[in-house]
Amino acid sequence: MNMSFFDYLLLFSGMGLVTYLPRWLPLFYLAHRRLPQWLIDWLSLIPVAILSALLAPSLFSDGHPRCLHWGKLELLVAIPTLIFSLKSRSMGATVLVGMFLYWLGGLFL
Amino acid sequence: MQAITNKTQTNQLLVVMQQGSHQEQPVQDNSRPQHWFRKGAAAAWPICLGYLPVGLACGTLAQQAGLPFWAVGLMSILVFAGSAQFIAISMLAAGASPVSIILTTLIVNLRHTLMSSTLAVYLQEVNRWFLSLFAYGITDESFAVNMTRFRTGEWNRWQALAVNHLSNSAWVAATTCGALVGQLIPQGALGMDYAMTGMFISLLTFQLQNRIFILTGLLAGLISVTCYLLIPGDSYIIIASVCGATLGYIIKRRGRK
Numbered sequence: 001m002n003m004s005f006f007d008y009l010l011l012f013s014g015m016g017l018v019t020y021l022p023r024w025l026p027l028f029y030l031a032h033r034r035l036p037q038w039l040i041d042w043l044s045l046i047p048v049a050i051l052s053a054l055l056a057p058s059l060f061s062d063g064h065p066r067c068l069h070w071g072k073l074e075l076l077v078a079i080p081t082l083i084f085s086l087k088s089r090s091m092g093a094t095v096l097v098g099m100f101l102y103w104l105g106g107l108f109l
Numbered sequence: 001m002q003a004i005t006n007k008t009q010t011n012q013l014l015v016v017m018q019q020g021s022h023q024e025q026p027v028q029d030n031s032r033p034q035h036w037f038r039k040g041a042a043a044a045w046p047i048c049l050g051y052l053p054v055g056l057a058c059g060t061l062a063q064q065a066g067l068p069f070w071a072v073g074l075m076s077i078l079v080f081a082g083s084a085q086f087i088a089i090s091m092l093a094a095g096a097s098p099v100s101i102i103l104t105t106l107i108v109n110l111r112h113t114l115m116s117s118t119l120a121v122y123l124q125e126v127n128r129w130f131l132s133l134f135a136y137g138i139t140d141e142s143f144a145v146n147m148t149r150f151r152t153g154e155w156n157r158w159q160a161l162a163v164n165h166l167s168n169s170a171w172v173a174a175t176t177c178g179a180l181v182g183q184l185i186p187q188g189a190l191g192m193d194y195a196m197t198g199m200f201i202s203l204l205t206f207q208l209q210n211r212i213f214i215l216t217g218l219l220a221g222l223i224s225v226t227c228y229l230l231i232p233g234d235s236y237i238i239i240a241s242v243c244g245a246t247l248g249y250i251i252k253r254r255g256r257k
């Protein structure tokens, strides 16, 4: 693989464009339009749905190859981390607690 | 009910922004840009911490795939999309064509249309230059952090912009460092691999306002795992988000009648 600066620039610009457009178009148009109430209500459920959708496979399944996996360390650590987050309401502390428990779990398993 | 709170929040936000733009308003500490930046930084640091291991891993992989460090930095600046960059690197290593890499990037990043639409609710009537600058930094992480704060009404667009750009800087720095020294760092040091998961767990708990939100989260998680196992690729995220939110919305409507 021998790519020049120009090759890289061209490839990354193309990738950048198709990354930017999906982030830009809805915001650019919807921010100046009166959104219907049903859309606002629906969109208010999008964050929780996206977060769950991003998180769930990493807790309940393996990636290579994809299969269901109960009792992964990720899931076992997620339970106390979740409880800690509900009690503390602090993202920074929750991240650190999660990392610590995961590191601790890794020593024993 | 949700409608009213949303609207009042948007109004409060507009008031805050108008106050911010008038110098003759009583100068409170919280109307100064430095204060906003500090607030933004306080919200952004867990993202930056999470980006460190992921960015290092990304840079290390890129270096192993034969990319020079400046190309890694250039990619992070121009693209700024973690999962798409991982995929692009493995495709480059496999000798894929630029067109197929760009198309894959588009598909992987389509989910951001949903996030961008959701943010539009809180950025009504904001000028288009700001929106264009803001859009660059919309990622899974910055979206979740900003939405959580916007919803409580204590957030303004400058704080949100600070979150976006601070996380971007951290990502560029982490990936470039990964390409330079990534191989010297032991894998999984200090539970770093869990930083991102921990952050998503925390953000998820902030979203659980009532039973409808909990139900939506459970449904989206269930659909996500199912799609993840059945459909190759990254479509599981967008399918599960749309289906989960729609089911939650229908249940909410049913309950109201």
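Here the protein sequences come in this chain order: A and B.
The working numbering numbers the first residue of the first sequence as 1 and each following residue consecutively.
The working numbering numbers the first residue of the second sequence as 1 and each following residue consecutively.
Where is the CB? At the ideal position from N, CA and C, for every residue including glycine.
Since the structure is predicted, the reported quantities are computational estimates derived from the model, not experimental observations.
By the rule that beta-carbons nearer than 9 Å mark a contact, A:W38 touches chain B. Contact of A:S4 with chain B by beta-carbon distance below 8 Å is absent, the smallest such distance being about 10 Å.
Between the alpha carbons of B:L204 and B:E141 lies a gap of roughly 11 Å.
Our two residues, A:D41 and B:G95, have alpha carbons roughly 45 Å apart in a direct line. About 13 Å separates the beta carbon of B:V72 from that of B:G82, a gap too long to meet the 8 Å contact definition.
Judged by beta-carbon spacing, A:Y29 lies beyond the 9 Å limit of B:D193, meaning their Cβ atoms are not closer than that value. Distance from the CA atom of B:I101 to the CA atom of B:I87, rounded to whole angstroms, is 8 Å. Ranked by how close their Cα comes to the Cα of B:V108, the residues A:M3, A:M99, A:V18, A:F5 have A:V18 in first place.
Distance from the CA atom of B:F200 to the CA atom of B:G178, rounded to whole angstroms, is 23 Å. Under the Cβ distance rule, A:W70 does not count among the residues neighbouring chain B, no pair being separated by less than 9 Å. Closer than 9 Å to the CB of B:Y249 there is at least one CB belonging to chain A.
Look at the segment 157-223 of chain B and you find these whole runs of alpha helix (DSSP H), each 4 residues long or longer: 157-181, 195-207. Interface annotation, A:H32: in contact with chain B, CB-CB separation under 9 Å. Secondary structure of A:D62 (DSSP, three-state): strand.
When the Cα atoms are used, B:R38 and B:F206 turn out to be separated by approximately 21 Å.
The beta carbon of B:F80 lies closer than 6 Å to those of N168 in the same chain, with the five residues before and after it left out. Inter-residue distance for B:N210 and B:Y228 is about 27 Å (C-alpha atoms, whole angstroms). The three-state secondary structure of A:L68, taken from DSSP, is strand. The beta carbon of B:E154 does not come within 9 Å of any beta carbon belonging to chain A, so the residue lies off that interface. Contact check between the segment 44-59 of chain B and the segment 90-100 of chain A: three or more CB pairs, one atom from each, fall below 8 Å, which counts as touching. Less than 9 Å divides the Cβ of A:L55 from the Cβ of B:G221. Excluding the 5 residues flanking it on each side, B:M196 has same chain C-beta neighbours closer than 7 Å at G50, V54, in chain order.
Around the beta carbon of B:S224, 16 or more other beta carbons lie within 10 angstroms, which makes this residue buried. Burial of B:F143 is indicated by the presence of at least 16 other C-beta atoms within 10 angstroms of its C-beta. Nearest neighbour of B:I251 by Cα position, chosen from B:I212, B:L218, B:I238, turns out to be B:I212.
A Cβ of chain A is located within less than 9 Å of the beta carbon of B:W45. The beta-carbon distance between B:L161 and B:L133, rounded to whole angstroms, is 7 Å. This is short enough to meet the 8 Å contact definition. The alpha carbon of A:P22 has as its nearest neighbour, out of B:R111, B:H165, B:N156, B:R256, the alpha carbon of B:R111. Taking a contact to require three or more Cβ pairs closer than 8 Å, the segment 41-53 of chain A and the segment 235-255 of chain B qualify as touching. DSSP, read as helix, strand or coil, puts B:H35 in helix.
Proximity to B:R128 across A:A31, A:F12, A:S4 peaks at A:A31, based on C-alpha coordinates.
By the CB criterion at 9 Å, B:T104 and B:A84 fall inside the cutoff. For B:W155, there is no enclosing alpha helix (DSSP H), as DSSP marks it with neither H nor E. The criterion of a C-beta distance shorter than 9 Å is not satisfied by A:I83 and B:T118. For B:P186, the closest alpha carbon among the candidates B:A174, B:H35, B:A57 is that of B:A57. Taking all protein chains shown into account, B:Q159 has 16 or more neighbouring C-beta atoms within 10 Å of its C-beta and is therefore buried.
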